[in-house]
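Chemist: Here it is, the structure, as structure tokens.
Number of protein chains: 2
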Amino acid sequence: MYISDPSETKRPARQRDAERTRAAILAAARTLFSTRGYAHTGVREVADLAGVNSALVGRYFGSKLGLFRATLEELDITPMFQLERHRFGVTMVAVFFDSPDAPGPLAMMLLSAADPEAHAASVEFLHKKVLIPLARWLGPPDGEGRAAKLSILWNGFLTSWKLLPLPALTGARLASVRRWLEAETQAIVDEGKA
Amino acid sequence: MYISDPSETKRPARQRDAERTRAAILAAARTLFSTRGYAHTGVREVADLAGVNSALVGRYFGSKLGLFRATLEELDITPMFQLERHRFGVTMVAVFFDSPDAPGPLAMMLLSAADPEAHAASVEFLHKKVLIPLARWLGPPDGEGRAAKLSILWNGFLTSWKLLPLPALTGARLASVRRWLEAETQAIVDEGKA
DNA sequence: CGGATATGTACACGGTCGTTTACCTAGGAC
DNA sequence: GTCCTAGGTAAACGACCGTGTACATATCCG
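These protein sequence lines map, in sequence, to chains A and B.
Note that the working numbering has the first sequence beginning at 60, numbered continuously upward.
Note that the working numbering has the second sequence beginning at 60, numbered continuously upward.
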């Protein structure tokens, strides 16, 4: 029986489903971490957004840092390496521009860079899951150096677009920067070839 | 008389010098904001590093946000616009590489990007004090677009060097990226010229 | 010299946060 | 049907933080 006076009744009883609950927390964390960063995301906020009791965050992920790490582990950037090499620039740019939450993971890491532990987790993720595979995918000559250049370009673009947004990055000028980004990206991919 | 038992004596009495105190707080704030970011820098920390009572931060700057803004206002990037155009790339890169705290201001803003109020102050500063003057200095064609490109390049480099440091950015590879950065920067400055 | 005031100090308030504890109960095992 | 445990809830703890207040005193002006 659902009573309107909360002082006379217990909560209606949430459906019990561990996987669903865990997934809901993870999804909420992804959203909040990538918009507010680690420090400004509270476990109570995450729980509220997930529609879940806040103590469950501790139960499922051990700690806030554990939740952050789990959010990182969930990421999968391997689709990037399925793109055609000769169209990498345009395709990559299109992905970032057209899917509104594509920059999420990077924003999450940048916004959390001030927290030592979250920062360490981010650096490790970027290194192991992005840069090393990217360098391998680029191949010789100097795959690592070219991976670093790509990282610089894209970190810079994301930073200047979402984090400390340049007012200049709108309309026709955004389109111009977009073409520049495509060309630079493609040039790095093609470097040393033919 | 300096007593070893603090319960039996008052503090020795600090020299009174408003300007010096204010400057000490500002210097400490610059250091901490640019290494830990806004959220992870406490007013007590700043005061301790400055060797000053923590209530003085409030007295001199009103609030923590006021302190952050004052730290921003102190910055002066006009020397950048004194550089020779045809050597802008190499000189600019040299400044960043050789003076160890040159990236400080940008690091401070990026690390504080998660705090709405500090973020707003940073964006306003970047716009008014950096991008608009830079666009004007670059001149036609499309000074604003080229300023945006420079911003992307340098934001990206700083991010990948200091914030989420790429392990690949060391030794010979760092030198290679450095040359690339010089060339790209110079190309943007020269764009459309002769 | 004797106040007046700018400067510095000590401390507590209210709030938020991550985490932990103690308890409840839905729902499957038998 | 009964137990038992995984899943969920409520509340509190201790720590930290930004800020405000009440008080002390060095320094300067008359």
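For each residue, glycine too, the CB sits at the ideal point set by N, CA and C.
On a predicted model such as this, the values are computed, not experimentally measured, just so you know.
#1: Locate the alpha helix (DSSP H) running through glycine 125 of chain A, then write down its first and last residues.
#2: Nearest-angstrom Cα distance between valine 248 of chain A and arginine 205 of chain A?
#3: Assign arginine 95 of chain B to one of two classes, buried (16 or more other C-beta atoms within 10 Å of its C-beta) or exposed (fewer than that).
#4: Anything in chain A within Cβ reach of threonine 229 of chain B, meaning under 7 Å, just list it in chain order.
#5: Name, please, each residue of chain B whose Cβ falls closer than 9 Å to the Cβ of tryptophan 196 of chain A.
#6: Within 8 Å, do at least three Cβ pairs link the segment 221-235 of chain B to the segment 165-179 of chain B?
#7: Report the rounded CA-to-CA distance for leucine 197 of chain A versus phenylalanine 147 of chain A, giving the unit in angstroms.
#8: Contact criterion: CB-CB distance below 9 Å. Does aspartate 174 of chain B meet it with respect to chain A?
#9: With 9 Å set as the bound, which would you pick, yes or no: does the beta-carbon of alanine 206 of chain A sit closer than that to a beta-carbon of chain B?
#10: Do you know whose CA, among B/Pro138, B/Arg75, B/Val236, B/Gln74, lies nearest isoleucine 211 of chain A's CA?
#11: By a C-beta neighbour count over all protein chains shown, 10 Å radius and 16 as the cutoff for buried, is glycine 215 of chain B buried or exposed?
#12: Look at the alpha carbon of arginine 118 of chain A and the alpha carbon of glutamate 132 of chain A, and state the distance between them as a whole number of angstroms.
#13: On a CA-only basis, which of B/Leu193, B/Ser181, B/Thr130 is nearest glutamine 141 of chain B? Give me that one, please.
#14: Kindly indicate which three-state DSSP category proline 65 of chain B falls into: helix, strand or coil?
#15: Starting from lysine 208 of chain A, trace the alpha helix (DSSP H) both ways and give me its first and last residue.
#16: What are the boundary residues of the alpha helix (DSSP H) that includes glutamate 104 of chain B?
#17: For aspartate 160 of chain B, which of B/Arg89, B/Glu250, B/Ala77 has the nearest alpha-carbon?
#18: Would you kindly check if the distance between the Cβ of glutamate 250 of chain A and the Cβ of proline 200 of chain A is under 9 Å?
#19: Please report the straight-line C-alpha distance between alanine 228 of chain A and lysine 208 of chain A, rounded to a whole angstrom.
#20: By Cβ distance below 7 Å, which residues in the same chain neighbour asparagine 112 of chain A in space, the five residues on each side in sequence not counted?
#21: Spatial neighbours of alanine 177 of chain B within its chain, please: CB distance less than 6 Å, with the 5 preceding and 5 following residues excluded, ordered by chain position.
#22: Measure the beta-carbon distance from proline 162 of chain A to leucine 134 of chain A and round it to whole angstroms, keeping in mind my assumption that it falls under 8 Å.
#23: Nearest to lysine 188 of chain A by alpha carbon, out of A/Thr137, A/Ala231, A/Thr244, A/Ala109?
#24: What is the DSSP secondary structure of leucine 165 of chain A, reduced to helix, strand or coil?
#25: Output yes or no for whether 9 Å exceeds the beta carbon distance between leucine 108 of chain A and leucine 124 of chain A.
#26: Taking 7 Å as the limit between beta carbons, can you name the residues of its chain near alanine 83 of chain B, skipping five residues before and five after?
#27: Against chain B, does tyrosine 61 of chain A count as a neighbour if the rule is that its beta carbon must be under 9 Å from one of theirs?
Modeler: Taking the geometry as given:
#1: Within the first sequence, numbered from 1, the residue matching residue 125 of chain A stands at position 66. Element bounds for glycine 125 of chain A: 123-132.
#2: Taking the first residue of the first sequence as position 1, residue 248 of chain A is located at position 189. Taking the first residue of the first sequence as position 1, residue 205 of chain A is located at position 146. So the two alpha carbons sit approximately 8 Å from each other.
#3: If you number the second sequence from 1, residue 95 of chain B lands on position 36. Buried, since its Cβ has 16 or more Cβ neighbours within 10 Å.
#4: If you number the second sequence from 1, residue 229 of chain B lands on position 170. Going along chain A, no residue has its Cβ under 7 Å from threonine 229 of chain B, so there is no contact; the nearest lies around 10 Å.
#5: Reading the first sequence from its first residue, position 137 is the one you call residue 196 of chain A. The premise fails here: tryptophan 196 of chain A is roughly 14 Å from chain B at the closest Cβ pair, so nothing lies under 9 Å.
#6: yes
#7: Counting from 1 along the first sequence, the entry for residue 197 of chain A is found at position 138. Counting from 1 along the first sequence, the entry for residue 147 of chain A is found at position 88. Distance between the alpha carbons of leucine 197 of chain A and phenylalanine 147 of chain A is about 11 Å.
#8: Residue 174 of chain B sits at position 115 when you count from the first residue of the second sequence. Taking Cβ atoms only, chain A reaches closer than 9 Å to aspartate 174 of chain B, which makes this a yes.
#9: On the first sequence, residue 206 of chain A is found 147 positions in, with the first residue counted as 1. Alanine 206 of chain A counts as touching chain B.
#10: As a first step, residue 211 of chain A is located in the first sequence; it is residue number 152 there, counting from the start. Nearest of B/Pro138, B/Arg75, B/Val236, B/Gln74 to isoleucine 211 of chain A, Cα basis: B/Val236.
#11: Taking the first residue of the second sequence as 1, we reach residue 215 of chain B at position 156. Buried: at least 16 other Cβ atoms inside 10 Å.
#12: What you label residue 118 of chain A is simply residue 59 of the first sequence in a count that begins at 1. What you label residue 132 of chain A is simply residue 73 of the first sequence in a count that begins at 1. Their backbone Cα atoms lie some 18 Å apart in a straight line.
#13: In the second sequence, residue 141 of chain B corresponds to position 82, counting from 1. Checking every option, the nearest Cα to that of glutamine 141 of chain B belongs to B/Leu193.
#14: For this step, residue 65 of chain B is matched to residue 6 along the second sequence. Caution is warranted here: a pLDDT of 36 is assigned to proline 65 of chain B, below 50, making its placement in the model unreliable, and the coordinate value is therefore given only provisionally. In this structure, proline 65 of chain B counts as helix in the three-state DSSP scheme.
#15: As a first step, residue 208 of chain A must be located in the first sequence, where it is residue number 149. Unbroken alpha helix (DSSP H) run through lysine 208 of chain A: 202-217.
#16: Counting from one through the second sequence, the residue named residue 104 of chain B turns up at place 45. Note, glutamate 104 of chain B: alpha helix (DSSP H), 102-109.
#17: Working through the second sequence from its first residue, we reach residue 160 of chain B at position 101. Ranking the options by Cα distance to aspartate 160 of chain B, first place goes to B/Arg89.
#18: Along the first sequence, one-based indexing puts residue 200 of chain A at 141. Along the first sequence, one-based indexing puts residue 250 of chain A at 191. Cβ atoms of proline 200 of chain A and glutamate 250 of chain A: closer than 9 Å.
#19: Sequence index remark: in the first sequence, residue 228 of chain A carries index 169 (1-based). Sequence index remark: in the first sequence, residue 208 of chain A carries index 149 (1-based). Here residue 228 of chain A is leucine; the residue named in the question, alanine, does not match the sequence. Straight-line Cα distance between these residues: approximately 21 Å.
#20: Walking along the first sequence from the start, residue 112 of chain A turns up at place 53. Answer for asparagine 112 of chain A: Ala106, listed in chain order.
#21: Here residue 177 of chain B refers to the residue found at position 118 when the second sequence is read from its first residue. Hits under 6 Å: Tyr97, Phe127, Ser171.
#22: By one-based count along the first sequence, residue 162 of chain A stands at place 103. By one-based count along the first sequence, residue 134 of chain A stands at place 75. Not quite, the Cβ-Cβ distance comes to about 12 Å (not below 8 Å), so this is no contact.
#23: Residue numbering aside, residue 188 of chain A sits at position 129 when the first sequence is read from its first letter. The shortest Cα separation from lysine 188 of chain A among A/Thr137, A/Ala231, A/Thr244, A/Ala109 belongs to A/Thr137.
#24: The residue labelled residue 165 of chain A in the question sits at position 106 within the first sequence. Residue state, collapsed to three classes: helix.
#25: As a first step, residue 108 of chain A must be located in the first sequence, where it is residue number 49. As a first step, residue 124 of chain A must be located in the first sequence, where it is residue number 65. No, these two residues do not count as a Cβ contact at 9 Å.
#26: To locate residue 83 of chain B, count along the second sequence from 1; it is residue 24. Contacts found: Ala109, Gly110, Val111.
#27: Residue mapping note: residue 61 of chain A aligns to position 2 of the first sequence, counting from 1. Confidence is the limiting factor: at tyrosine 61 of chain A the pLDDT is only 31, short of 50, which leaves the residue's position unreliable and the question unanswerable from this model.
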